[in-house]
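Novice: Structure in structure tokens, see below.
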Amino acid sequence: MEHHPVVISGAGPVGLVAALSLAQKGIAVVVLESEDHIPQDLRAGTFHPPTVEMLDTLNIGETLRSRALRVPEWQIRDRKQGLVAQFDLGIIADLTPYPFRLHVEQHKLSSIAAEALAQHAHAQILFSHRCLGYEQDADGVTVQAAGPDGRTIEIRASYVIGADGARSVVRKTMGTEFEGFTWPERFLVFATRYDLREQGYTGNAYIADPDEWSAIFIQPHDGPPPIWRIAFPIPAEMDETEVLDPDFVQGKIKGFLSPDLDYDVPYKSVYRVHQRVAKDFRDGRVMLAGDAAHVNNPLGGMGLNSGIHDAMNLTAKLAEVLLHGASSDLLDRYHRQRRTVNVEYVQAITIRNKRLLEERDPEVRRERLDELRATVADRDAHRQYLINSSMIASIRRANEIQ
Ligand SMILES: Cc1cc2nc3c(=O)[nH]c(=O)nc-3n(C[C@H](O)[C@H](O)[C@H](O)COP(=O)(O)OP(=O)(O)OC[C@H]3O[C@@H](n4cnc5c(N)ncnc54)[C@H](O)[C@@H]3O)c2cc1C
């Protein structure tokens, strides 16, 4: 049986990293992708140090770094008071060869991983193939997919990885709950080519405000020059056409940057944000990874990073099972390790980050911002904050779980 490939639903960054990791270990893999190309939409763009180190083990870290921008310092600001705290990843340079946030669009990682995958004859990406579901028995899994002509095909798999995003068909077939909640407000995300460094910003900054908090990320785009992506909350009741109105967007930028300039806005969109974790990451021979398993708000840049951490953890265990005769019980450890750290770190930190930025009570707000000032002023506290926010702590914690 085990000569059947591992089938991965979804050629997003998580599915492709998982596929490359398996292919490099000599394991046959088939990736099903519903689109006819690798999706190029502007989404995640921050890679934390442990993720960059993992990509090095797949020999794609250097290529990604060559297309990316390095952000060694990032800020928390208050909309009215200005700079509150500036974090410096140089303080953890003894813990990682990459003491910076690496900023690059996630589709560039997907393309690099797909190119590397193409070097392996035992790896295949089937574009325009939408996974419809699966059935499993004691010996394997039969995956159903709709091909480009609309006809249903079946592929027999040794194991299946559901990396098909937040609306995962694999998760729905599994029938596990996607536990958590959806934030009532939506996020407006737009981009400008105006260089925010001219007004004192670092390549990544978070601005606290009870009504108009925001998050700022520099991205290489097709530059130089780079592009700056900015996210704002939008009240639940506001109509999307109103939100995307050019004057409304200009008003948002001028509210925190100099009002005397006009800012070009080549990109804007509105999206909904969720905090959810699948109750089970494993059903027999089927596992979930990435957004299929968990989703969170983007404040802290942890969604895609944690998905890549899933992919690396899971593929190492699958290799033990498929190549070295380990018991498939090892795959339960994947569920325990990755689900636990998603709840304890990714969900907890991203919810805390959002609450910090939007705090309405002036007393609590002052206390929290003072705590951040004290954190950066104390080297040990600053270091510990970076160990958590760079996801080093979450990897250590996962490794402790049996
Ligand atoms: C606006 C925005 C900003 C974000 N910013 C950040 C950030 O700064 N840092 C961060 O870490 N994360 C961020 N995220 C989250 C990040 O984009 C996701 O965590 C990441 O895309 C997850 O990758 P994935 O491969 O698991 O899923 P996806 O990228 O969603 O990929 C899933 C793939 O599966 C395919 N697919 C879906 N259904 C099927 C099917 N039935 N059959 C076959 N294929 C299928 C899709 O076409 C897609 O290619 C952001 C998200 C958004 C929306």
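Under our numbering, read the sequence shown as residues 1 to 402, first letter to last.
By construction, the Cβ of each residue, glycine as well, lies at the ideal position given by its N, Cα and C atoms.
Whole angstroms is fine: what's the gap from Glu33's alpha carbon to Val341's?
Specialist: For the purposes of this step, residue 33 is taken as the residue at position 33 of the sequence shown. For the purposes of this step, residue 341 is taken as the residue at position 341 of the sequence shown. Computed Cα separation, rounded: 28 Å.
Novice: In this structure, does DSSP put Met1 in helix, strand or coil?
Specialist: Start at 1 with the first residue of the sequence shown, and residue 1 comes out as number 1. Interpretation of Met1 is limited by its pLDDT of 42, a score under 50 that renders its predicted location unreliable; the figure taken from the coordinates is listed afterwards. Correct three-state label for Met1: coil.
Novice: Let me know the alpha helix (DSSP H) ranges lying completely inside the stretch 71-159, each 4 residues or longer, listed in chain order.
Specialist: Listed in chain order, the complete alpha helix (DSSP H) runs (minimum 4 residues) inside the stretch 71-159 are 106-117.
Novice: Just grab the DSSP bridge partners of Leu32 for me.
Specialist: Taking the sequence shown and counting its residues from 1, the one referred to as residue 32 is at position 32. The partner list for Leu32 (beta bridge, DSSP) reads Ser9, Leu126.
Novice: Can you check which of these residues, Gly162, Arg282, Tyr201, is closest to Ser258 by C-alpha distance?
Specialist: Against the sequence shown, residue 258 aligns to sequence position 258. Of the candidates Gly162, Arg282, Tyr201, the one whose C-alpha sits nearest the C-alpha of Ser258 is Tyr201.
Novice: Are there any heavy atoms of ligand 1 lying less than 8 Å away from the beta-carbon of Val403, as far as the coordinates show?
Specialist: Here the chain covers residues 1 to 402 and nothing more, so residue 403 does not appear.
Novice: Give me the DSSP bridge partner(s) of Thr182.
Specialist: Position 182 of the sequence shown, counting from 1, holds the residue named residue 182. Partner(s): His274.
Novice: So does Ile12 have its beta carbon nearer than 8 Å to some heavy atom of ligand 1?
Specialist: Within the sequence shown, the letter at position 12 stands for residue 12. Note that residue 12 is Gly in the sequence shown here, rather than Ile. Correct: Gly12 has its Cβ closer than 8 Å to ligand 1.
Novice: Would you report the Cα separation of Asp209 and Gln402, rounded to the nearest angstrom?
Specialist: Reading the sequence shown from its first residue, position 209 is the one you call residue 209. Reading the sequence shown from its first residue, position 402 is the one you call residue 402. Each residue's alpha carbon lies about 41 Å from the other.
Novice: What is the DSSP secondary structure of Phe217, counted as helix, strand or coil?
Specialist: For the purposes of this step, residue 217 is identified with residue 217 of the sequence shown, where counting begins at 1. DSSP places Phe217 in strand when its eight states are reduced to three.
Novice: Cβ of Tyr98 versus every heavy atom of ligand 1: is any distance shorter than 8 Å?
Specialist: As a working note, residue 98 is residue 98 in the sequence shown. Checking the Cβ of Tyr98 against ligand 1 gives no.
Novice: Pick from Gln136, Gly147, Lys172, Pro224: whose alpha carbon is nearest that of Ala157?
Specialist: Residue numbering aside, residue 157 sits at position 157 when the sequence shown is read from its first letter. If we check each option's Cα against that of Ala157, Gln136 comes out closest.
Novice: For Ser390, which residues from the same chain have a beta carbon less than 6 Å from its beta carbon, with the 5 sequence-adjacent residues on both sides left out?
Specialist: Mapped onto the sequence shown, residue 390 falls at position 390. Contacts found: His48, Pro49.
Novice: DSSP state of Arg167, grouped into three classes?
Specialist: Counting from one through the sequence shown, the residue named residue 167 turns up at place 167. In the structure shown, Arg167 sits in coil (DSSP, three-state: anything other than H, G, I, E or B).
Novice: Thinking C-alpha only, which one of Thr176, Gly150, Thr152, Ile153 is nearest Gly162?
Specialist: Counted from its first residue, the sequence shown places residue 162 at position 162. Cα-wise, what sits closest to Gly162 is Thr176.
Novice: Does the beta carbon of Pro266 fall short of 8 Å from some heavy atom of ligand 1?
Specialist: Here residue 266 is taken as the residue at index 266 of the sequence shown, counted from 1. Not under cutoff, so the answer is no.
Novice: Among the residues of its own chain, which have a CB less than 8 Å from the CB of Ile387, if the five just before and after it don't count?
Specialist: As a first step, residue 387 is located in the sequence shown; it is residue number 387 there, counting from the start. Excluding positions up to five away in sequence, the list reads Ile92, Leu95, Ala393.
Novice: When you compare only the Cα positions, how much space is there between Arg130 and Ala292?
Specialist: For this step, residue 130 is matched to residue 130 along the sequence shown. For this step, residue 292 is matched to residue 292 along the sequence shown. About 15 Å.
Novice: Any heavy atom of ligand 1 inside 8 Å of the beta-carbon of Gln75?
Specialist: Translated into the one-based positions of the sequence shown, residue 75 becomes position 75. Checking every heavy atom of ligand 1 against the Cβ of Gln75, none is found closer than 8 Å.
Novice: Hey, would you say the C-beta of Ala381 is under 8 Å away from at least one heavy atom of ligand 3?
Specialist: Annotation note on ligand 3: not contained in the displayed structure, which lists ligand 1 as its ligands.
Novice: Could you name the residues of the same chain whose beta carbon sits closer than 8 Å to that of Leu64, not counting the 5 residues immediately before and after it, in chain order?
Specialist: In the sequence shown, residue 64 corresponds to position 64, counting from 1. Only Phe47, Val52, Leu55, Leu102, Val104, Lys108, Leu109, Ile112 meet the Cβ criterion.
Novice: Who are the near neighbours of Pro225 in its chain, counting only those whose CB is closer than 8 Å to its CB and skipping five residues on each side?
Specialist: As a working note, residue 225 is residue 225 in the sequence shown. Hits under 8 Å: Arg193, Asp195.
Novice: Among the candidates Pro148, Ile27, Leu188, whose CA atom is the shortest distance from the CA of His37?
Specialist: For the purposes of this step, residue 37 is taken as the residue at position 37 of the sequence shown. Among Pro148, Ile27, Leu188, the Cα nearest to that of His37 is on Pro148.
Novice: Look up Met287 in the DSSP assignment and give the residues it is bridged to.
Specialist: Along the sequence shown, one-based indexing puts residue 287 at 287. Paired residue(s): Ile161, Arg282.
Novice: On the three-state DSSP scale, how would you describe Val295?
Specialist: Sequence index remark: in the sequence shown, residue 295 carries index 295 (1-based). If DSSP states are grouped into helix, strand and coil, Val295 belongs with the strands.
Novice: What are the residues that DSSP puts in a beta bridge with Lys69?
Specialist: The sequence position of residue 69 within the sequence shown is 69, counting from 1. In the sequence as presented, Lys is not what sits at residue 69; that position holds Leu. Bridge partners of Leu69: His103.
Novice: Please name the residue, chosen from Leu188, Asp280, Asp222, Lys279, that lies closest to Phe248 on a Cα-to-Cα basis.
Specialist: Position 248 of the sequence shown, counting from 1, holds the residue named residue 248. Minimum Cα distance to Phe248 is reached at Leu188.
Novice: Need the endpoints of the beta strand (DSSP E) that Ile38 sits in, please.
Specialist: The residue labelled residue 38 in the question sits at position 38 within the sequence shown. Ile38 -> no beta strand (DSSP E), and no H or E assigned at all.
Novice: Is the separation between the beta-carbon of Ala11 and that of Ala19 shorter than 9 Å?
Specialist: Sequence index remark: in the sequence shown, residue 11 carries index 11 (1-based). Sequence index remark: in the sequence shown, residue 19 carries index 19 (1-based). Result yes, Cβ atoms of Ala11 and Ala19 sit closer than 9 Å.
Novice: Ignore the nearest five residues each way along the sequence and tell me which others in Arg383's own chain have a CB closer than 7 Å to its CB.
Specialist: Taking the sequence shown and counting its residues from 1, one reaches residue 383 at position 383. If we look at Arg383 and ignore the five residues flanking it on each side, its Cβ neighbours are Ile91, Ile92.
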